[in-house]
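Numbering-wise, our numbering comes out as the position in the sequence shown, counting from 1, plus 26. Note that CB positions come from ideal geometry on N, CA and C, so glycine has one too. Contents: one structure, followed by commentary.
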Amino acid sequence: MKIAFLGIGIMGNEMATRLLDAGHELRVYNRSDNAALQALVQKGAQRCDSPAIAVSGCEIIITMLSHPDAVNAVARGDHGLLQGAARNSLWMDCSTVDPEFSRSMAAVAKKAGLEFLDSPVAGSKIPARNGELVFLVGGDESSFLRAKPVLEILGRKALHCGGSGQGSAMKLVVNFMLAQTVLAAGEAVAIGQKLGLAESQLLDTLLATPVAAPILSALRPRFERKDTEVHFPLKHMLKDLKLAKASLPAGATDLALLAAGIDSYENALSTADQDFSAIYQKLTENG
Ligand code: NAP
């Protein structure tokens, strides 16, 4: 299959390499030159000077870009992908963006005669390298089925979350949970250190209990600075939180306390006698 890959960053590089290794004809575009782009060309990818040129004659177009503005620029800017894409080609946007933006891209793609899927991923650089991403997909069922050959090379699972924007919605939820998990782990370890326990002892113990999320074991080398490589830039996580929080009147933790009728943390310590599941219930339809 002839595939265009736009956005050769941390994730794009790993994903594009897998598609090339699987034998697909790959045309690549990145805004700036980088070593990963050159390595892909060495392996047989065709480097293109604009998104419009890259997508020309391709059946599948994949974008893996920082944020909504980047996707907008690559799609709708001068020499953008919409100017070069063949009618009936399938555009999969794997970038993490907000659902409303995905729906707007689905609409412009449709107008240009393209199929569109929001296809963000759970999983970082190493899962991308190993084809173990989890795809969270929004769009038509028929487009989802059409994307299967690509999804199977890049991921271990592909979940069809609903219509356009629903994949992006699910991705924001997943990353919100991830941020909270890491925050909770940091706070727990900080408390333990203040109580005189060592970081390694705290992590050994926490990770051996059911309270620790499985992802924390994978993140441990980064917590302890034994792995100093950037897998998922903080700026992207902050972007995801900002996009997710647009759906909430306050940060989820603050909102939960307020919703549970608690006006301050100090008060909560003495007055919140209910089960902690009240936080969940107040935030959901059970509340
Ligand atoms: P990255 O390494 O920072 O790469 C970002 C890519 O976007 C680069 O190709 C960059 O081009 C391009 N870009 C940025 N602004 C642009 C603009 N205005 N016009 C054109 N191109 C632009 O990021 P990444 O880690 O691969 O992440 C890519 C997306 O996947 C993000 O939405 C991120 O939230 C999401 N994601 C990341 C991870 C992870 O673990 N890294 C996991 C899941 C999802 P240049 O090289 O020219 O700057």
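Alpha carbon to alpha carbon, how far is residue j from residue i? Give it in angstroms, no decimals.
i    : j    : result
A60  : G70  : Correcting the residue type first, residue 60 is Asn in the shown sequence and not Ala. Taking the straight line joining both Cα atoms gives about 16 angstroms.
A285 : F127 : Residue placement at A285 is flagged as unreliable, the pLDDT there being 48, under the threshold of 50; a coordinate-derived value is accordingly withheld.
R57  : K220 : 47 angstroms
A65  : E85  : 23 angstroms
L281 : V199 : Annotation note: pLDDT 47 at L281 (below 50); position unreliable, coordinate value reported separately. Distance between the alpha carbons of L281 and V199: 16 angstroms.
S190 : A132 : 7 angstroms
G149 : G193 : 14 angstroms
N201 : I179 : 23 angstroms
C187 : K252 : 36 angstroms
K197 : V215 : 27 angstroms
M37  : I88  : 12 angstroms
G103 : G222 : 56 angstroms
G139 : K268 : 32 angstroms
G181 : M41  : 9 angstroms
G313 : P247 : Any reading at G313 is ruled out, since the residue's pLDDT is 48, under 50, leaving its predicted position unreliable.
S169 : E225 : 48 angstroms
V160 : A195 : 14 angstroms
G34  : K265 : The sequence given here places Ile at residue 34; Gly does not occur at that position. If I take the Cα positions, the gap works out to 19 angstroms.
L245 : M263 : 15 angstroms
F249 : L91  : 26 angstroms
D166 : D119 : 14 angstroms
K28  : Y55  : 14 angstroms
D124 : V67  : 32 angstroms
A62  : T43  : 9 angstroms
L46  : L177 : 14 angstroms
N39  : A101 : 19 angstroms
S130 : E255 : 35 angstroms
C74  : K137 : 25 angstroms
P94  : A30  : 19 angstroms
T231 : P175 : 42 angstroms
K151 : M203 : 19 angstroms
W117 : L32  : 11 angstroms
E141 : L107 : 13 angstroms
T235 : A211 : 13 angstroms
L171 : Q72  : 27 angstroms
What does DSSP give as the partner residue(s) for residue i in the beta ladder?
i    : result
F161 : V147, A184
F344 : Any question about residue 344 goes unanswered here, given that the chain covers just 27 to 313.
I116 : Strictly speaking, residue 116 in this sequence is Leu, with Ile absent from that position. BP columns for L116 point to I86, E141.
Q72  : R53
Give the C-beta separation of residue i and residue j to the nearest angstrom, bearing in mind that I take them to be a contact with Cβ-Cβ under 8 angstroms.
i    : j    : result
S121 : P153 : In fact, because the Cβ distance is near 17 angstroms, the residues do not count as touching under 8 angstroms.
L143 : A173 : 6 angstroms
G218 : L233 : Not quite, the Cβ-Cβ distance comes to about 13 angstroms (not below 8 angstroms), so this is no contact.
A315 : Q109 : Examination of residue 315 is not possible in this model, given that the chain is present from 27 through 313 alone.
A184 : V163 : 6 angstroms
S82  : H105 : That belief does not hold up - the Cβ atoms of S82 and H105 are roughly 11 angstroms apart, past 8 angstroms.
Can you find a heavy atom of the ligand FAD that lies under 6 angstroms from the Cβ of residue i?
i   : result
R57 : The ligand FAD is absent from the structure shown, which contains only the ligand NAP.
Exercise. Can you find at least 3 beta carbon pairs, one from the region 204-221 and one from the region 239-254, that sit closer than 8 angstroms?
Worked result: yes
Exercise. So does the region 256-269 actually touch the region 97-117, counting three or more Cβ pairs closer than 8 angstroms?
Worked result: no
Exercise. Counting pairs of Cβ atoms below 8 angstroms between the region 49-58 and the region 148-166, do you hit three or more?
Worked result: no
Problem set entry | In chain order, each alpha helix (DSSP H) run of at least 4 residues that lies wholly inside the region 175-246 | 192-220, 225-233
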